[in-house]
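The letter at position 515 of the sequence shown is residue 515 when you use full-length UniProt numbering, and the numbering goes up by one with no holes.
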Amino acid sequence: MPLAMASAGERQHNFDESLSNLLNPGSLRKPLDMLTLVDLIESHGHRSLDLETRMRILTGINLGASAEYFAAWASSTPAMRLVRDWLRDALNPLKSQLKPTLLLLLQLLQSLPTTDRLLENRDLHDLVRDAIIDGSSREVVASANRLFEQWNRSFQNSPHLRSQNAPKWVKRRGFEANKLLGLETNRDGNVDSSPPSPSQGAPSQALHQLSDLQAQDLPEYMEAAVRLARNEGFQWTEHTAGLQILYEVLKQVVYTKELYQHVLSMQGESSQLVLDSLQLLLNYPSCITVTDRGHFVTALIRLSNRTDLYPTCLALKEVELARHPFAAGSFGDVYRGTFQGQYVAVKVRKLYATSEVSNAIKSVSKEAIIWSQLSHRNLLPFYGVYHMDDAYNRICMVSPWMDNGNVSDYLKSHSSSNRILLIADVVSGIQYLHENGIIHGDLKAVNILVTQSGHACLADFGLSKVSECSALSWTSIRDTSTSSGGSIRWQAPELFDPEDESSPLTMKCDIYSFSCVCYEIMTGRVPFYEYTRDATVMMKVMAGLKPSKPTPQDDAYKQFGLTEAIWGLITECWHENPAMRPDAADIVRCGVLSSQHDPRPDFDWNNTSRFRVAMTILS
Numbered sequence: 001m002p003l004a005m006a007s008a009g010e011r012q013h014n015f016d017e018s019l020s021n022l023l024n025p026g027s028l029r030k031p032l033d034m035l036t037l038v039d040l041i042e043s044h045g046h047r048s049l050d051l052e053t054r055m056r057i058l059t060g061i062n063l064g065a066s067a068e069y070f071a072a073w074a075s076s077t078p079a080m081r082l083v084r085d086w087l088r089d090a091l092n093p094l095k096s097q098l099k100p101t102l103l104l105l106l107q108l109l110q111s112l113p114t115t116d117r118l119l120e121n122r123d124l125h126d127l128v129r130d131a132i133i134d135g136s137s138r139e140v141v142a143s144a145n146r147l148f149e150q151w152n153r154s155f156q157n158s159p160h161l162r163s164q165n166a167p168k169w170v171k172r173r174g175f176e177a178n179k180l181l182g183l184e185t186n187r188d189g190n191v192d193s194s195p196p197s198p199s200q201g202a203p204s205q206a207l208h209q210l211s212d213l214q215a216q217d218l219p220e221y222m223e224a225a226v227r228l229a230r231n232e233g234f235q236w237t238e239h240t241a242g243l244q245i246l247y248e249v250l251k252q253v254v255y256t257k258e259l260y261q262h263v264l265s266m267q268g269e270s271s272q273l274v275l276d277s278l279q280l281l282l283n284y285p286s287c288i289t290v291t292d293r294g295h296f297v298t299a300l301i302r303l304s305n306r307t308d309l310y311p312t313c314l315a316l317k318e319v320e321l322a323r324h325p326f327a328a329g330s331f332g333d334v335y336r337g338t339f340q341g342q343y344v345a346v347k348v349r350k351l352y353a354t355s356e357v358s359n360a361i362k363s364v365s366k367e368a369i370i371w372s373q374l375s376h377r378n379l380l381p382f383y384g385v386y387h388m389d390d391a392y393n394r395i396c397m398v399s400p401w402m403d404n405g406n407v408s409d410y411l412k413s414h415s416s417s418n419r420i421l422l423i424a425d426v427v428s429g430i431q432y433l434h435e436n437g438i439i440h441g442d443l444k445a446v447n448i449l450v451t452q453s454g455h456a457c458l459a460d461f462g463l464s465k466v467s468e469c470s471a472l473s474w475t476s477i478r479d480t481s482t483s484s485g486g487s488i489r490w491q492a493p494e495l496f497d498p499e500d501e502s503s504p505l506t507m508k509c510d511i512y513s514f515s516c517v518c519y520e521i522m523t524g525r526v527p528f529y530e531y532t533r534d535a536t537v538m539m540k541v542m543a544g545l546k547p548s549k550p551t552p553q554d555d556a557y558k559q560f561g562l563t564e565a566i567w568g569l570i571t572e573c574w575h576e577n578p579a580m581r582p583d584a585a586d587i588v589r590c591g592v593l594s595s596q597h598d599p600r601p602d603f604d605w606n607n608t609s610r611f612r613v614a615m616t617i618l619s
């Protein structure tokens, strides 16, 4: 009967019969025997074979094959592809039933002659390293380590691989460093296979050995950790190791001067790997410390500025834009669009010359990186960046569409709203930013949006910065965006110091700007509304002038809810001396805000960190 007409049962019977013949010891001698076996397996579907069949094949080969048979296997592309795919299956958490084949596959690799072609097979190299990290059994770890020792001896004796023509990843490392990510064999011959602890990060042996991490080895370690994390489904638990090892590697980077400078000098694929790795960890805010988080965000921004790149998971596709902008300003346009079935706001920066493209990319990338780290009910969520299909290939910022617009416009049509609750929303968002080491830098009413439920949320993080930390002084790359740059009427007086052109933004500058936002919300007017020219406002501020207090007959007191207690809070926040201004946490706790009854429906944004992890899995 023709094969195409055979029933499934008959095809399986024919396969089993042929397989038995080819696994007979007498049929495991010649290269032709090997090619026939591999062809049979592939024609049947090598990825579809069950555990019992795979174990039968591997056991038969390991026990009965001749040296000539193994040599032919090592030189056969289909045969090595089969080993690679079966290793991937054995390490895949979703195919845990195939895990028992892992040891047999490693034993098969040990039986193969160690040719230059095998040593240059990066997929196998990485998979065997993953087997060590996986640490499913002592036998697997020991077998994988023996294999690496075998490969390393051959590497040392290979003139080709030690020459300038060898692949850089092979020549740079050989195979010595692979044990550093594994579970080290103790002096008594046992293997420490205890699961990693979240409080410790990576397994203790790996952490000890990573303390001697070399700059040239960074890409290999990060690739291995990310690949293991992917195999573990990007889960961060006491029973997974990939993300914890990645965390330890990147902590070594940001706390070691030489490694940090090396990372900031990377370009191309290596720099993209670092950006993606940093962002991957930042998607797990509860698993890393606030201090480490600040260092990681700073490193992201600096590397992005140097390379004009940003984390891959922030890139969005299939965003549809309206033909014309919904709103326009001096810095850009805002379009209404759709993404994954919901309305979104797409902010596009204006460009006036081709030479501005690079600066625009740096600016948008920085804002995207800072914004993407934030998740709070009083902060507008960030979905990602989108490349416009235009002459400049501009990148745009994508966030939820807010029908209520900014708080200034909202209050014009909702004049009876409880404005004190809106102020409480604003300072709650500021407190979250400051607790995470982020300075907003451009607080004003038009940068504060209102949700459908009437809650205020901060937006527009283009001038935000990460507060300074000791790691920043290790590099000559200074963040020039730390100077003021915000809107004159809302800026703190210390930013106008004529003796210091590089006055840095501080959290106290945000508090001053917050007081001006309070003024806008409670009066319906911008600070210093009496003066039309910003230059005049700057001179008045430098002379110690503050925005004018409304009269008792003003709508601020009569209709909008302004009280002497609120005015006292405002004046305290715009104190001339930054040290005398309260912290955001103190303002949140003050009675005039915390005593307010809030009848608005409760709400929270969907978790954007989970969204970005999902984007990473899909990428």
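Backbone N, C-alpha and C define an ideal beta-carbon position, used for all residues, glycine too.
None of the values given here were measured: they were computed from a predicted structure.
Between Arg349 and Val334 a beta carbon distance of about 11 Å is seen, past the 8 Å cut, so the two are scored as non-contacting. Nearest neighbour of Val344 by Cα position, chosen from Gly405, Phe296 and Asp389, turns out to be Gly405.
The Cβ-Cβ distance between Tyr519 and Ala492 does not fall below 8 Å.
Remark: C-beta atoms of Arg600 and Leu421 approach each other more closely than 8 Å. Secondary structure in the segment 377-441: the alpha helix (DSSP H) runs of 4 residues or longer, each lying completely within the stretch, are 407-413 and 419-435 in chain order. Cβ-Cβ distances below 8 Å link Tyr531 to Val537 and Lys540 in the same chain, with the five nearest sequence neighbours on each side left out; the list follows chain order.
Contact annotation: Val450 and Val407 have beta-carbon atoms nearer than 8 Å. With respect to Val319, Val398 sits close: the two C-beta atoms are nearer than 8 Å. Sequence-distant Cβ neighbours of Val83 in its own chain, meaning closer than 8 Å and more than five residues away, are Leu105, Leu108, Leu109 and Leu124. In the pairwise beta carbon analysis, the segment 287-294 is classified as not touching the segment 306-314: fewer than three pairs are separated by under 8 Å. Counting C-beta pairs closer than 8 Å gives fewer than three between the segment 376-386 and the segment 557-564, which falls short of the contact rule.
Between the C-alpha atoms of Leu127 and Ser372 there is a straight-line separation of about 32 Å. One Cα belongs to Arg54, the other to Asp85, and the distance between them is close to 12 Å. In chain order, Arg489, Cys516, Tyr519 and Pro547 place their CB closer than 6 Å to the CB of Pro527, counting only its own chain and leaving out the 5 sequence neighbours on each side.
In the structure shown, Asp333 falls within a strand segment according to DSSP collapsed to helix, strand and coil. Non-local beta-carbon contacts of Cys573 in its own chain, meaning distances under 8 Å to residues more than five positions away in sequence, involve Ile511, Tyr512, Phe514, Ser515, Cys518, Arg581, Pro582 and Ile587 in chain order.
Boundaries of the alpha helix (DSSP H) harbouring Gln272: Gly268 to Leu282, taken from the DSSP string.
Per DSSP, the unbroken alpha helix (DSSP H) holding Arg227 starts and ends at Leu218 to Asn231. Taking 8 Å as the upper bound for CB-CB distance, Asp403 and Gln452 are in contact here, some 7 Å apart. In this structure, the beta-carbon distance from Ile369 to Ile301 falls below 8 Å. Around the beta carbon of Phe148, 16 or more other beta carbons lie within 10 angstroms, which makes this residue buried. Per DSSP, Leu87 is one residue of the alpha helix (DSSP H) stretching across Thr77 to Leu91.
Under the three-state reduction of DSSP, Val348 is assigned to strand. For Leu449, the enclosing beta strand (DSSP E) begins and ends at Ile448 to Val450. When secondary structure is reduced to three states using DSSP, Cys518 falls in the helix class. DSSP, read as helix, strand or coil, puts Ala492 in coil. Residue state for Gln342 is assigned as strand, using DSSP reduced to three classes.
Taking C-alpha positions only, Gly437 is separated from Leu303 by approximately 19 Å. Rounded to the nearest whole angstrom, the C-alpha separation of Ala424 and Ile395 is 33 Å. Put simply, the backbone Cα of Tyr284 is about 26 Å away from that of Gly268. Relative to Ile430, the option among Pro498, Ser595, Ala224 and Ile448 whose CA is nearest is Ile448. Here Ser277 is buried. Its C-beta has 16 or more other C-beta atoms within 10 Å. DSSP, read as helix, strand or coil, puts Cys457 in strand. Leaving aside the five residues that flank Glu139 on each side, the residues in its chain whose CB is nearer than 7 Å to its CB run, in chain order, Leu103. Excluding the 5 residues flanking it on each side, Val446 has same chain C-beta neighbours closer than 7 Å at Asn406 and Ser408, in chain order.
In this structure, Ser18 places its C-beta atom within 8 Å of the C-beta atom of Leu40.
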